[in-house]
Amino acid sequence: MEDKSLEELIQTIKNERGLDLSGYKESFLMRRLNSRLRVLGIKSFGQYSEFLRNHPAEFVKLIDVLSINVTEFFRDVSMYRQFSEKILPELIESRIRTNARIIRFLSAGGASGEEAYSIAILCREALAEKKENIGISIMLVDIDPDALRKAKAGVYTMDRLKNVPPDLLAKYFIREDEMKYRVVPEIRNMVTISRLDLLTGRIPKFFDVIFCRNVLIYFSKEAHAELFAKLYRSLVMDGYLILGRTETMLGASKNLFETVDARERIYRKRQINVI
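Just so we're aligned: the sequence shown equals residues 1 to 275 in the working numbering.
Below you can see the structure in the form of structure tokens.
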């Protein structure tokens with residue numbers, strides 16, 4: 001297939017969905033895209049560009065094909081340590097002082113649920129120590145319906161659980177067989193799961209912490225700015241935004257957030273007059 005057709009397809013995807021694939025290796029794109037074209041019986045990238053324009057729902061399948069779903073419980077252990085030792089205690093103490101009764105979290109682009117359930121487990125542990133009646137609301141949103149079905153099922157193989165300490169594995173998971181474990185109902189019930197396109201959809205508001213980790217790699221710099229503005233509006237004042245370890249905040253978006261922990265990519269919403 002001609003390089004020009006691939007370039008046109010990449011441009012179509014960027015124009016229609018804000019997904020910037022220019023940073024991907026061509027060999028990776030060719031391999032993933034050709035597998036999808038074979039399924040559809042489409043012969044060229046040019047034909048697929050036209051198919052995408054006429055069938056918007058195909059973008060969901062395309063994103064699934066291009067996604068590298070390397071996700072697991074407590075991925076980047078040091079970040080979760082910062083969250084559990086600093087951010088979470090601060091939020092709990094704030095609720096105790098103000099007599100507020102709920103803490104809200106968003107797992108944006110949360111895929112198959114490992115992140116959201118990791119948050120839920122840490123919250124359950126922290127509140128058990130405090131013996132406080134504080135509610136926890138965790139929302140998981142993603143564009144991929146297959147990933148969301150996996151999140152709702154809450155069943156995971158051992159490779160996804162390698163960072164879970166043995167005591168938490170025994171406490172919060174039910175063994176299904178030699179290779180699979182199911183998250184216990186009390187943890188699954190802490191998480192609401194919805195399908196949402198972060199760029200085109202309406203992100204709910206009033207979150208205390210938003211996890212948006214390893215999502216930005218799929219978007220252009222222009223889309224980054226749009227997404228950061230939306231996430232800013234969805235956070236409470238002084239709310240936290242946590243990005244992936246390899247992701248950075250550039251340009252005007254840096255004015256929206258102050259850096260709390262540069263290494264772990266933890267930021268806090270600034271108070272500004274206009275956005």
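The beta-carbon is built from N, C-alpha and C at its ideal position, and this holds for glycine as well.
All figures in this text were calculated on a predicted structure; none of them were measured in a lab.
Compare the C-alpha of residue i against each of the options and name the closest.
| i | options | result |
| --- | --- | --- |
| I10 | F45, S27, S35 | F45 |
| K130 | I63, I103, P89, I138 | P89 |
| S194 | K43, L140, I13, I272 | L140 |
| A342 | I272, I242, G251 | Given a span of 1 to 275 for the chain in the structure shown, any question on residue 342 remains unanswerable. |
| E85 | I119, T192, I102, H55 | I119 |
Would you decide whether residue i is buried or exposed? Buried here means 16 or more other CB atoms lie within 10 Å of its CB.
| i | result |
| --- | --- |
| G201 | exposed |
| A57 | exposed |
| R38 | exposed |
| R75 | buried |
| M190 | buried |
| F28 | exposed |
| V274 | Confidence at V274 is low in this model, with a pLDDT of 48, below 50, so the placement of that residue should be treated as unreliable; the coordinate-derived value is given next. Its Cβ having fewer than 16 others within 10 Å, V274 is exposed. |
| K221 | exposed |
| R270 | exposed |
| R97 | exposed |
| H224 | buried |
| N214 | buried |
Alpha carbon to alpha carbon, how far is residue i from residue j?
| i | j | result |
| --- | --- | --- |
| E72 | D177 | 19 Å |
| R53 | A108 | 26 Å |
| A111 | L199 | 16 Å |
| N163 | Y80 | 11 Å |
| R17 | L216 | 13 Å |
| M1 | L62 | Note on M1: pLDDT 42, under 50, position unreliable in the model; no value is reported. |
| G244 | E264 | 8 Å |
| L127 | L227 | 32 Å |
| N15 | S49 | 11 Å |
| E93 | M179 | 39 Å |
Between the beta-carbon of residue i and the beta-carbon of residue j, is there less than 9 Å?
| i | j | result |
| --- | --- | --- |
| V77 | R32 | no |
| R182 | A153 | yes |
| L168 | E115 | no |
Subject >> Given 8 Å, three or more beta-carbon pairs between the region 252 to 266 and the region 134 to 149 >> reply: no
**OP:** Check whether the region 206 to 225 touches the region 234 to 249, counting contact only when three or more Cβ pairs, one atom from each stretch, lie closer than 8 Å.
**Re:** yes
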